[in-house]
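Worksheet: one structure, shown below.
Protein chains: 2
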Amino acid sequence: MAKLTSNPSSGHRLDVELADRPYPILINEGLTQSAGPLIRDTLPKAKHAVVISDSALGGLVAGVANSLEAANFRLTRITVPSGETSKSVQQVERLWTDMLADFTDRGSIVVAIGGGVVGDLAGFAAASFARGIPLIQIPTTLLSQVDSSVGGKTGINLPGTKNIVGAFWQPRLVMIDPLTLSTLPQREYASGLAEVAKYGVIMAPDLFSYLEENVESARNKDIGTINHLVAKSCLCKAEVVEEDERETSGRRAILNYGHTFGHAIEAEAGYGTLLHGEAVSIGMNMAAELARLLGRVDEAFCRRQRDLLRGLSLPICADGYDAQVLWEKMQHDKKMQHGSLHFVLPSRIGHVELVAGVEKAHVLDAIAACSS
Amino acid sequence: MAKLTSNPSSGHRLDVELADRPYPILINEGLTQSAGPLIRDTLPKAKHAVVISDSALGGLVAGVANSLEAANFRLTRITVPSGETSKSVQQVERLWTDMLADFTDRGSIVVAIGGGVVGDLAGFAAASFARGIPLIQIPTTLLSQVDSSVGGKTGINLPGTKNIVGAFWQPRLVMIDPLTLSTLPQREYASGLAEVAKYGVIMAPDLFSYLEENVESARNKDIGTINHLVAKSCLCKAEVVEEDERETSGRRAILNYGHTFGHAIEAEAGYGTLLHGEAVSIGMNMAAELARLLGRVDEAFCRRQRDLLRGLSLPICADGYDAQVLWEKMQHDKKMQHGSLHFVLPSRIGHVELVAGVEKAHVLDAIAACSS
Numbered sequence: 009m010a011k012l013t014s015n016p017s018s019g020h021r022l023d024v025e026l027a028d029r030p031y032p033i034l035i036n037e038g039l040t041q042s043a044g045p046l047i048r049d050t051l052p053k054a055k056h057a058v059v060i061s062d063s064a065l066g067g068l069v070a071g072v073a074n075s076l077e078a079a080n081f082r083l084t085r086i087t088v089p090s091g092e093t094s095k096s097v098q099q100v101e102r103l104w105t106d107m108l109a110d111f112t113d114r115g116s117i118v119v120a121i122g123g124g125v126v127g128d129l130a131g132f133a134a135a136s137f138a139r140g141i142p143l144i145q146i147p148t149t150l151l152s153q154v155d156s157s158v159g160g161k162t163g164i165n166l167p168g169t170k171n172i173v174g175a176f177w178q179p180r181l182v183m184i185d186p187l188t189l190s191t192l193p194q195r196e197y198a199s200g201l202a203e204v205a206k207y208g209v210i211m212a213p214d215l216f217s218y219l220e221e222n223v224e225s226a227r228n229k230d231i232g233t234i235n236h237l238v239a240k241s242c243l244c245k246a247e248v249v250e251e252d253e254r255e256t257s258g259r260r261a262i263l264n265y266g267h268t269f270g271h272a273i274e275a276e277a278g279y280g281t282l283l284h285g286e287a288v289s290i291g292m293n294m295a296a297e298l299a300r301l302l303g304r305v306d307e308a309f310c311r312r313q314r315d316l317l318r319g320l321s322l323p324i325c326a327d328g329y330d331a332q333v334l335w336e337k338m339q340h341d342k343k344m345q346h347g348s349l350h351f352v353l354p355s356r357i358g359h360v361e362l363v364a365g366v367e368k369a370h371v372l373d374a375i376a377a378c379s380s
Numbered sequence: 009m010a011k012l013t014s015n016p017s018s019g020h021r022l023d024v025e026l027a028d029r030p031y032p033i034l035i036n037e038g039l040t041q042s043a044g045p046l047i048r049d050t051l052p053k054a055k056h057a058v059v060i061s062d063s064a065l066g067g068l069v070a071g072v073a074n075s076l077e078a079a080n081f082r083l084t085r086i087t088v089p090s091g092e093t094s095k096s097v098q099q100v101e102r103l104w105t106d107m108l109a110d111f112t113d114r115g116s117i118v119v120a121i122g123g124g125v126v127g128d129l130a131g132f133a134a135a136s137f138a139r140g141i142p143l144i145q146i147p148t149t150l151l152s153q154v155d156s157s158v159g160g161k162t163g164i165n166l167p168g169t170k171n172i173v174g175a176f177w178q179p180r181l182v183m184i185d186p187l188t189l190s191t192l193p194q195r196e197y198a199s200g201l202a203e204v205a206k207y208g209v210i211m212a213p214d215l216f217s218y219l220e221e222n223v224e225s226a227r228n229k230d231i232g233t234i235n236h237l238v239a240k241s242c243l244c245k246a247e248v249v250e251e252d253e254r255e256t257s258g259r260r261a262i263l264n265y266g267h268t269f270g271h272a273i274e275a276e277a278g279y280g281t282l283l284h285g286e287a288v289s290i291g292m293n294m295a296a297e298l299a300r301l302l303g304r305v306d307e308a309f310c311r312r313q314r315d316l317l318r319g320l321s322l323p324i325c326a327d328g329y330d331a332q333v334l335w336e337k338m339q340h341d342k343k344m345q346h347g348s349l350h351f352v353l354p355s356r357i358g359h360v361e362l363v364a365g366v367e368k369a370h371v372l373d374a375i376a377a378c379s380s
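Just so you know, the protein sequences line up as chains A and B, in that order.
All you need for the working numbering is the position in the first sequence, starting with 1, plus 8.
All you need for the working numbering is the position in the second sequence, starting with 1, plus 8.
Here it is as C-alpha cells:
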C-alpha cells in the first residue's frame, strides 16, 4: 500500500508500491533546486540525462539542468512546444531522433519537466527508446502534479483520438515543487483543483472537507495548502492505481468521475476551449444531478459539491450545449470501448459507484439541470 | 524454468516462464490450420483480431484469417511490405492509424504472421496501441522461429540504427508450423540454421551433435528434424531470457556469439547483401579463430564448427573486407553502448565466456584467418 510520510523540513514523501518496482513522489517547496543530487541518488550509475521540457518554461529548466550537470550528468536538452498538439507521432519521432543523435542509450535517463503534455510525450519517448530507459517526472502544473504523475500512463494522440498510442511506464522518481505553480495562469491552476475535488468526492471525505475549509488559501496558491492537497491527491490516486495498475479490474474507473460528461463537453467545445479540469468540474455537477435524479444523493449533496467547485473558481454549467449532441458523443465513446455506457455516480461525499443502464431521459435532464 | 513437452500427435509445447506471465510456444506441422481455436482458447474474451502479415505471404494468411473468423473474431487485415525497411516510424504510424480506423481497442488482439520484420513491427504496434494489447506470433521463417519468437523484443529502426525504438512485449502464444518453411528460399532457410548452430556452441552440445548427425536432413527441410531443431533452439533461448528478461544482468549477452563480428560484416556489406545468419556464421568462425589465438580452444574446435557451418550451406569467410574497417565498426558499436568491447568466446562446444580487453592485433588476425 502507498505510504505517505511527512516532515516539516523535507516535506512529503509518498511511496507508490507497484508490482514491478516501487518509486517515491517527493513534494516540497524548492525541491527542484536539488534535482541533481536527488536523481543521482535514485540512479547512481546513469551517465547522461535527456531533459525534455515545455518550451514555455525558462529558469526552472535551467536550474534543473545546472543541478544535473553538477551531479555529473552529461546533458541533452530538448524543448517541446506547449499544448496538446505536441502529443503527436511527429513530436515523438523528433524526440527519438534527437535522442539518438546525441548518443542516448541504456545508460541514459529522461527527465520530463512540464505539464501533462510533456509528461505523456517524454514518458512515451522514455518507454520506447532502447525498449525503455529510466524516467524522472517533474510536473509543473497542478493538474499533472495531482493526476498524471501517478499511474504510469504515457502516450500520444492520433488525429481524433487522445492517448491511443502509448505505454505503461512507471517513473523512477517524481519531484513536485509547489513553487513551480507560482507562474501558472490562475485558470489553469483552478483546473487542477477540479481533480483534487474529484478525489474528495470519490474516496476522501477528509480531503473534501479540507478543501471546503481552505477554499480561499487553495485558490490563492498558499504553499502549505498546496503541499497538503497534492500529497493527499497523489495518495488517493496511488491507492487506486495500486489496485488496478494496468486498468484491468475496473477499479480505476472511479477516477473517471465527472469525465464521461466532461469528455463529451470538452470534445463539443473543441479541445482547448475549455480546460480539462473545467470540463470535469461541469461533468461532476452533471453526474451529481444525475445521481440525484436517480435517488442516489439528495439536493444537499449537489449543493455542497457545487458550492465547493464555485468557490474554487471553477465553472459548473455548460453554456449553449445541445444535450442531445452530448448524449450522442457519449454513445460514440461507449462504442469505442466495445462496451456499455457506465456512469460513475456518487452516493455520498467520499463514495461513488459504477452504474450501468441509465436511461437517456435522465441523462438529458441532468445535462439540462446544469445548463445556464 | 522453461519446460519442453513433446507428443507424437500434438508436437512440441514449450512453456516459457517469465516474471509477468508465462506463455506457450507450440510447434507442429499443420498447426496454423487450427489458429482460430488455439487463439480463442488463449484469449476467450477477445472480440477482434488485427492480422498483420508480410505482403509476400498469401494462402497461409488466408487460412489463418478464415480460422479466426470461424472462431468468432472480427477481422482487420493489414499487410506490410517485405524487408527491413518496413521497420520504420512511417510503417508503425500506418499500423496505428489503420488499427484505429477499424475500431481496434482493448478488446482486440494482434496476430503477426511473417518473419522477424513483421514480428518486430507488429509486436511494437501491439505493445503501444492503447498502451498494449495481446500479441500472437506466427513466425514463418526459420530465423524468426528460433530467435525472435522468444524474448519479447519488439521494435523499429531509425535511420542508421536498428531496433533503437521499441518495447519488451511478450506474446501470449507463439505458433510455429514447420510447413510454413516449405516455400522459404533455401538461402534464407540456411541463414536460420546459423542461429541453431549458435545455440549448440554457446550452451547445447547435444544440439550441436544432433546437427552434425543430421546435416543432410536439416539442410533439406525435413519436417521431423526441423521440429526438433526449433524446439531445442527455443528452449535454449527461453532459458537465457528467463534469467535476464530485460537484458540487465548481462546473461543475455551470450546470445551475441558471432554477432560482434557479424554486425560489423553486415554493416560493411550493406544491410541486405549478406543475410543476418550468413554474417553470424562468418562471425562465429571469426570468434572461434580469435578464441584459438587466445589459447581458449584448439584448431579441432574451429574445424568442427567450420565443417558444420559449411555442411549447412553457410558462408564462413568474408570476401574483400578490410580488417581495419571492421575493427573500427566494432569500436563504434562499443561507443554506442557507453562500454568496452566484449567478445563472446567459446571454451568448448556448449560453453562460451564474455571476454574483455582483447588486443586489436588478435582481432585483426582472427579476421584475416577467415578471409578467402
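Where a beta carbon is used, it is the ideal one built from N, C-alpha and C, also for glycine.
It should be emphasised that the depicted structure is a prediction, and the values quoted were computed from it without experimental measurement.
- Judged by their CB atoms, B:S75 and B:Q99 are not nearer to each other than the 8 Å cut-off.
- For A:A261, no chain B residue has a C-beta closer than 8 Å to its own C-beta; the minimum C-beta separation is roughly 13 Å.
- Within the model, the alpha-carbon separation for A:R356 versus A:L83 is close to 50 Å.
- Judged by beta-carbon spacing, A:V238 lies within the 8 Å limit of A:P186, meaning their Cβ atoms are closer than that value.
- With contact defined as three or more Cβ pairs closer than 8 Å, the stretch 83-94 of chain A and the stretch 144-153 of chain A are not in contact.
- Judged by DSSP secondary structure, B:R312 falls within the alpha helix (DSSP H) whose first and last residues are E307 to G319.
- Residues of chain A whose Cβ lies closer than 8 Å to the Cβ of B:E250 do not exist; the shortest such Cβ separation is about 17 Å.
- The beta carbon of A:I234 is closer than 7 Å to those of P186 and L189 in its chain, skipping five residues each way along the sequence.
- Below the 8 Å Cβ cutoff, chain A contributes no neighbours of B:G270, its closest Cβ being approximately 20 Å away.
- In this structure, the CA atom of A:H271 is about 11 Å from the CA atom of A:S289.
- In the DSSP assignment, B:G71 falls within the unbroken alpha helix (DSSP H) covering G67 to A78.
- With respect to chain A, the C-beta atom of B:W104 has a partner C-beta closer than 8 Å.
- According to the DSSP secondary-structure assignment, B:Y31 is paired through a beta bridge with B:V24.
- By the beta-carbon neighbour count (other beta carbons within 10 angstroms, threshold 16), A:E203 is buried.
- Relative to the Cα of A:L46, the nearest Cα in the group A:F309, A:E77 and A:N293 belongs to A:E77.
- Assignment of alpha helix (DSSP H) within the stretch 66-153 of chain A, counting only whole runs of 4 or more residues, yields 67-78, 97-109 and 124-136 in chain order.
- For the C-beta of A:R227, not a single chain B residue is nearer than 8 Å; the gap to the nearest is close to 35 Å.
- Shown here, A:P354 sits in a strand according to DSSP, grouped into three states.
- Residue-level contact by beta carbon fails for A:I117 and chain B, as no gap is shorter than 8 Å.
- Here A:A287 is buried: its Cβ has 16 or more other Cβ atoms, across all protein chains shown, within 10 Å.
- Proximity of A:G91 to chain B, defined by a Cβ-Cβ separation below 8 Å, is not satisfied.
- A:L219 is a Cβ neighbour of A:L316, given a cutoff of 8 Å.
- The Cβ neighbour count for B:T162, taken over all protein chains shown within 10 Å, is at least 16; the residue is labelled buried.
- The criterion of a C-beta distance shorter than 8 Å is not satisfied by A:E274 and A:L263.
- With fewer than 16 other CB atoms across the displayed protein chains lying within 10 angstroms of its CB, B:D327 is exposed.
- For A:K161, the nearest CB of chain B lies under 8 Å from its own CB, placing it at the interface with that chain.
- Linking A:K55 to B:K229 through their CA atoms gives a straight-line distance of about 48 Å.
- Checking the DSSP bridge columns, you'll see B:M183 partnered with B:L34.
- Here A:V158 carries a coil assignment [DSSP, helix/strand/coil].
- Of all residues in the stretch 165-198 of chain B, only L166, T169, I172, V173, G174, A175 and F176 come within less than 7 Å of chain A when Cβ atoms are compared, listed by chain position.
- At a cut-off of 8 Å between beta carbons, A:V97 contacts chain B.
- Not a single C-beta of chain A is nearer than 8 Å to the C-beta of B:L22.
- Under the three-state reduction of DSSP, A:S289 is assigned to helix.
- Taking a beta-carbon distance threshold of 8 Å, B:A135 counts as an interface residue toward chain A.
- Interface with chain B (8 Å Cβ-Cβ cutoff): A:L129 is excluded.
- DSSP places B:G208 within a helical segment (H, G or I) once states are collapsed to three.
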